Amino acid sequence: MPPATTVATGARLHFGPLAWKPESGPDFGGWGVMIDRPRCVVRITRETGTAPANASPSGRAVQLLARWLRERPQSDRLAVEVLESLPDHRGLGSGTQLALAIGAAAGLSLDARMPRLSDLARVLERGARSAVGVYGFEQGGLIVDAGKRPGESLGRLAARRPVPRTWRFVLAWPAGTQGLAGDAEASAFRTLPPFPQALTDRLSRLLLCDVLPAVDHGDFDGFAGGLGEYGERVGRAFESLQGGVVHAASLPVWNAVRRRGVAGVAQTSWGPTLAIVQPDAAAAETLCADLRDEFRDSVELLVSQPLNQGAAIVGTE
Numbered sequence: 020m021p022p023a024t025t026v027a028t029g030a031r032l033h034f035g036p037l038a039w040k041p042e043s044g045p046d047f048g049g050w051g052v053m054i055d056r057p058r059c060v061v062r063i064t065r066e067t068g069t070a071p072a073n074a075s076p077s078g079r080a081v082q083l084l085a086r087w088l089r090e091r092p093q094s095d096r097l098a099v100e101v102l103e104s105l106p107d108h109r110g111l112g113s114g115t116q117l118a119l120a121i122g123a124a125a126g127l128s129l130d131a132r133m134p135r136l137s138d139l140a141r142v143l144e145r146g147a148r149s150a151v152g153v154y155g156f157e158q159g160g161l162i163v164d165a166g167k168r169p170g171e172s173l174g175r176l177a178a179r180r181p182v183p184r185t186w187r188f189v190l191a192w193p194a195g196t197q198g199l200a201g202d203a204e205a206s207a208f209r210t211l212p213p214f215p216q217a218l219t220d221r222l223s224r225l226l227l228c229d230v231l232p233a234v235d236h237g238d239f240d241g242f243a244g245g246l247g248e249y250g251e252r253v254g255r256a257f258e259s260l261q262g263g264v265v266h267a268a269s270l271p272v273w274n275a276v277r278r279r280g281v282a283g284v285a286q287t288s289w290g291p292t293l294a295i296v297q298p299d300a301a302a303a304e305t306l307c308a309d310l311r312d313e314f315r316d317s318v319e320l321l322v323s324q325p326l327n328q329g330a331a332i333v334g335t336e
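When you line the sequence shown up against the working numbering, it's residues 20 to 336, in that order.
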């Protein structure tokens, strides 16, 4: 067994659930895309006779490793370092990607093989609502989560597609702003009324008839239109909780993008990050330049590529 194992994963975009508190059928579900930037990179080191080192200032990584090891009695001591991290509470799936990367690296260090995804999710308590980030960690690409039925701990994987490599996602979020998380997120969901069946039907049709065929055929305009409508319809359902069709602080950016005739913009999770799909790198850079001119330093921007593979072992020592 190598003394150190390093695992890298990307960020998760989630464009909203398909259902919420339905009278019948699976709950939540939804879809999203894995992207290459920003990313999460963790290293697990086996130690003997020394106290574990910790490069995670918050200590969250150490807690996640301890949770994984509770069901893994063994003689070696493991230390965790977070080499690169996703920004917290930006709608990028930071908690799930960090947890699964730590569990995967620890499993590889101890057993020289990747742990089962279901075991990672169960032990590390991920996928309580959405399974997009869980399946995205393993497979990359575009993930469709069918939702959870009563008694299920993880939503079912309905579809997975590679996203055309030339497409780009411009990430835009107001500097210094965070989305809901933790107790505030749980409280918001408790007050969210059930989705009307007509909304779930329309979202499902958008996904089945617009988004997936567009990805399969490399139809950028079809994908962008489906993404934009899906994001807006979900955003209207959450409007009372976030101050608008997107996070209140992100509304000026959303409006600016729409004024430019860009259809493919949607918030990821609770935001405040907006994901704006573009047909290629040149178009993405042009859009970023326009937004920088308008918003200066008040908005942070990043261009990401689709990540069509799962988490990678990037080093063993």
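Think of the CB as a built atom: it goes at the ideal place given N, C-alpha and C, for glycine as much as any other residue. It should be emphasised that the depicted structure is a prediction, and the values quoted were computed from it without experimental measurement.
Residue i, DSSP secondary structure in three states
i	result
A70	Residue confidence is low: A70 scores 43 on pLDDT, short of 50, so the model does not pin down where it sits. No coordinate-derived value is stated.
R168	coil
S128	helix
R56	strand
F257	coil
A177	strand
T292	coil
A150	coil
L37	coil
L326	coil
R31	strand
P106	coil
L321	strand
R279	coil
F214	coil
A207	helix
A233	helix
W186	coil
R338	The chain is shown from 20 up to 336; residue 338 falls before or after that span and cannot be answered.
E251	helix
T196	coil
E144	coil
R91	coil
L111	coil
D238	coil
P76	Residue placement at P76 is poorly supported in this model, since its pLDDT is 43, which falls under 50; the coordinates are not used for a value here.
Nearest-angstrom beta carbon gap, residue j and residue i [assumed within contact, 8 Å]
i	j	result
A330	A23	The Cβ separation is near 16 Å, so there is no contact.
L111	R31	6 Å
L97	L143	With 8 Å as the limit, L97 and L143 do not qualify as a contact, their Cβ atoms being about 15 Å apart.
K40	P213	4 Å
R187	A300	6 Å
D55	S323	6 Å
F208	P298	The Cβ separation is near 35 Å, so there is no contact.
V61	A85	Rounded, the Cβ-Cβ distance is 14 Å, inconsistent with contact.
R252	L218	7 Å
T25	V333	5 Å
C-beta contact flag for residue i and residue j at 8 Å
i	j	result
Q405	G250	No statement about residue 405 is possible, as the shown extent of the chain runs from 20 to 336 and does not include it.
V234	V182	yes
L320	L190	yes
G283	V296	yes
L173	E157	no
L341	W192	Nothing in the structure corresponds to residue 341, since the chain is present only between 20 and 336.
G51	P36	no
S149	H33	yes
A147	I63	no
S269	G290	yes
R145	L119	yes
R58	D95	no
G122	P134	yes
V230	G245	yes
L117	S104	yes
M53	G166	no
Y154	L176	yes
A275	E304	no
R141	P45	no
L225	V163	no
Range of the contiguous alpha helix (DSSP H) that encloses residue i
i	result
Q82	79-88
A267	A267 -> no alpha helix (DSSP H), and no H or E assigned at all.
S43	Segment: none, S43 is in no alpha helix (DSSP H) and carries neither H nor E.
Host beta strand (DSSP E) of residue i (start-end)
i	result
L306	Note, L306: premise wrong, no beta strand (DSSP E); alpha helix (DSSP H) at 300-314.
L102	96-103
Identified DSSP bridge partners for residue i
i	result
A285	A294
A23	T64
V163	W50, A178
A191	L293, L320
A331	A27
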